[in-house]
Amino acid sequence: MKLDVLRTMLLAGLLMMIGGAYGHGLIQDPPSRNWFCGAITKPDQVANGTAQYPVCGQAFSATGVDPNAGYSFMSVLTHTTGRAGVGVRSNVCSFNSETWNGNATPWDQPINWPTVPMTAGSKTFTWNISWGPHFSDTQEFRYWITKPSFVFQTGRALSFSDFEDAPFCVLNYNDATPNANPDVIPNPGAATFQTRCNVPARSGRHVIYAEWGRNQWTYERFHGCIDAMFQGGNTPTVDAQIALSPDVAEFQGAGSLTLDGRSSTGSNLSYQWSVSSQNPSLYTLTNATQSVATLTLGNPQASANVTVSLVVSGGGSSDSATRTFVHAPAVASQWFDLGPLTSESRTLTVGDRVSVRTVNGSGQDAYWPTSPLVITSSNAAATAWPLALAQAVNAANGAVRIGVLNAQSQVVPQSSATANRVYSQTSADIQSAFLQVTPPTTGNGGVTVTPAVAANSPYYNELQLRLANTAPVTALSATIVVQRTQGVSVSGQYNTLGSQIQQSNSSTTSAITYQYTLASGVTLSAGTNRTLAAQFGGTGTAHPTAGDTWTVTYTSGGTQYTQTGTF
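Numbering-wise (our numbering), the sequence shown opens with residue 2 and increments by one.
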């Protein structure tokens, strides 16, 4: 498969990850399960009858699978050293991906998956990593194949016992010497890795399981399966080619493009066009199964990447190609659309930590806000946390904004479960964005938090968090939320750790928030009687303290913990 990218920047993320993890890439050629069902066919296309591969609907709608999980096709990952390092897992194709909390993903479902023709011998496997182009810390690629005696059965999930114990291909990579291994070809401009392996001889239907692993800085690893049909002999070669007319790197406003696949080669060819974008409603494909198709484009509010894909099949073989261009509004905008913050209405759990992770053109991550938003009972609702996260990100006045773009080119946060989108400044080299939701860590890391209420005078009350830690704490973020009632105001704030703690407070019409953070470079040694105090005062009826919330996030022993509760 060839990836012909028209702009000098890397591919942007086509879809926002749904849920709490990361998102980087997958095998594009030969197409993996999550390329067929995810990158090409998406859940909404199954629902509206436009799916190129209708069988994907069986995977997306399987029992126990989130119906929106198919949009996270690029996020089948773990933070492990993979099969060779930690042994086997119950779900093969996802390797018990943490994106799905170790449960079966759509691509683990035992359906009759689309297959690709395969022959023994040299074969190139192309990884599309445009959702997080991490070249600098890529370490290796590994491939396993099912045993010669394997018989594929619809309705029976794969097991690692179906596969050979040893990988048939292990390819090492070091970005300091990117040309050292001739069987690994990095292409930063196209955001791909091409890896060349010798595929063992097989007959009939088999499955190839693959891993792309990053090094010790993250041990992030991506997993996928290819359903291969071995037919014996030499399979006729198909070569997919795309031409655009007009041939542009950037298309402005509304109009149309001619998509031409007539330069593709092979015998008895059939064609299937598809388009991926951040705003599918702006794009219409006509003649999608012909060699020449037309893409009609509406006028976007902000710039975004659009990727056109072509799958060409014939004579028992297939190939695919993609072209990517920037679709800009008719009137220039300072914003680049990175997609929806989330595509599903989702209530979070108190103690969850939420942020947006962006990846730039060099594969470097950044987090917005720098410290995750910690979910409390006051902002856990499906319409509340997106607003709170957007407000926290936008307050930093950085290169990223969350909200809805208005006519004045302002990105305005919304109290909505799905309306908010992620934008970056067009001058920033930000390629993709992912929602990251991290659940609270179990245990307490040696830290005990005790809430207390003190009535210090007739004029104000005081909420206290008392910390006792038996292990050093290297990071601390504590929040006390006082539910506002009429006449209640900030009276004061203090802590018993002095300059080791930085503190602040803010008020809204519904709550007062007191924030405490460990000063930069400070390690909190073991000790007791650490008090973080929030004072509030008011007139008239005494302030009701029941239900006032507190959250403490801290790092102990290299692990981050969250404790939360009510006074």
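Yeah, the Cβ is synthetic: ideal placement off N, Cα and C, and Gly gets one too.
Small disclaimer: the values here were computed from a predicted structure and weren't measured.
In terms of DSSP beta bridges, what is residue i paired with?
i: T480; result: Q516, T552
i: W213; result: F142, F223
i: I431; result: N361
i: A535; result: L464, Q494
i: L27; result: N129
i: Q564; result: V553
i: Y368; result: R358
i: M119; result: F231
i: V523; result: None; V523 has no bridge partner.
i: P187; result: F194
i: R206; result: M230
i: S271; result: S314
i: S73; result: DSSP lists no partner for S73.
i: V309; result: V276, R324
i: S319; result: S314
Please identify the residue among the options whose C-alpha is closest to the C-alpha of residue i.
i: I481; options: S76, Q504, T497, N470; result: Q504
i: T529; options: A229, I513, A535, L466; result: L466
i: T116; options: I376, Y461, R206; result: R206
i: V200; options: P183, N188, M230, S265; result: M230
i: N49; options: S356, A389, Y368, P281; result: P281
i: Y424; options: L436, N216, G340, D166; result: G340
i: A535; options: Q484, S511, T556, S410; result: Q484
i: N398; options: S150, V413, L349; result: V413
i: A211; options: F136, G83, R263, V327; result: G83
i: T567; options: L464, F537, S557; result: L464
i: R263; options: Q335, A385, F164, S314; result: S314
i: S277; options: F142, A305, Q253, A294; result: A305
i: Q561; options: L477, Q494, R90; result: L477
i: A520; options: Q335, P179, L498, S268; result: L498
i: P575; options: S417, Q154, W108; result: It is not possible to answer for residue 575, since the shown part of the chain is limited to 2 through 568.
i: L537; options: S334, D549, G447, A527; result: Per the sequence shown, the amino acid found at residue 537 is Phe instead of Leu. If we check each option's Cα against that of F537, D549 comes out closest.
i: P370; options: S379, A383, P387, A381; result: P387
i: H25; options: V523, A192, S204; result: A192
i: G522; options: Y515, S500, T514, Q232; result: S500
i: C94; options: G65, D45, L27; result: L27
i: L296; options: G362, G404, A255; result: A255
i: A367; options: G493, S379, V394, C226; result: V394
Identify the continuous beta strand (DSSP E) that holds residue i and give its terminal residues.
i: G493; result: 490-496
i: R402; result: 401-406
i: L349; result: Element bounds for L349: n/a, residue is neither H nor E.
i: V152; result: No beta strand (DSSP E) contains V152, which DSSP labels as neither H nor E.
i: F252; result: 251-253
i: N506; result: 502-508
i: V423; result: 422-426
i: V171; result: 170-173
i: W417; result: Sequence check: residue 417 is Ser here, not Trp. It is not in any beta strand (DSSP E) - S417 carries neither H nor E in the DSSP assignment.
i: W336; result: 336-341
i: D261; result: 256-261
i: A333; result: Element bounds for A333: n/a, residue is neither H nor E.
i: A52; result: Segment: none, A52 is in no beta strand (DSSP E) and carries neither H nor E.
i: L569; result: Outside the shown range of the chain, which is 2 to 568, sits residue 569, and nothing can be said about it.
Along the alpha helix (DSSP H) that carries residue i, what are the first and last residues, could you check?
i: A393; result: 385-396
i: C57; result: 57-61
i: A382; result: Taken as a continuous stretch (DSSP letters only), A382 belongs to no alpha helix (DSSP H), as it is neither H nor E.
i: N49; result: 44-49
i: W36; result: 34-37
For residue i, does the count of other Cβ atoms within 10 angstroms reach 16, so buried, or fall short, so exposed?
i: K43; result: buried
i: Q564; result: buried
i: Q409; result: exposed
i: N288; result: exposed
i: E251; result: exposed
i: R222; result: buried
i: N421; result: buried
i: A121; result: exposed
i: S1; result: There is no way to answer for residue 1, as the model of the chain reaches only from 2 to 568.
i: T249; result: With the sequence shown as reference, residue 249 is identified as Val, and Thr is not the correct amino acid for it. It counts as exposed.
i: Q279; result: buried
i: G156; result: exposed
i: T542; result: Its pLDDT being 47, under 50, T542 is placed unreliably by the model, and nothing is read from it.
i: T147; result: buried
i: D166; result: exposed
i: T552; result: buried
i: A434; result: buried
i: N361; result: buried
Given 8 Å as the limit, tell me if residue i has its C-beta closer than that to any heavy atom belonging to the ligand GTP.
i: S507; result: No copy of the ligand GTP appears in this structure; indeed no ligand is present at all.
| field | Contiguous beta strand (DSSP E) assignments of at least 3 residues, all confined to the stretch 78-110 | value | Taken in chain order, the unbroken stretches of beta strand (DSSP E) that lie wholly in the stretch 78-110 and span 3 residues or more are 78-80.
| query | What are the complete beta strand (DSSP E) segments, minimum 3 residues, inside the stretch 273-306? | reply | Fully enclosed beta strand (DSSP E) runs of 3 or longer: 284-287, 293-298.
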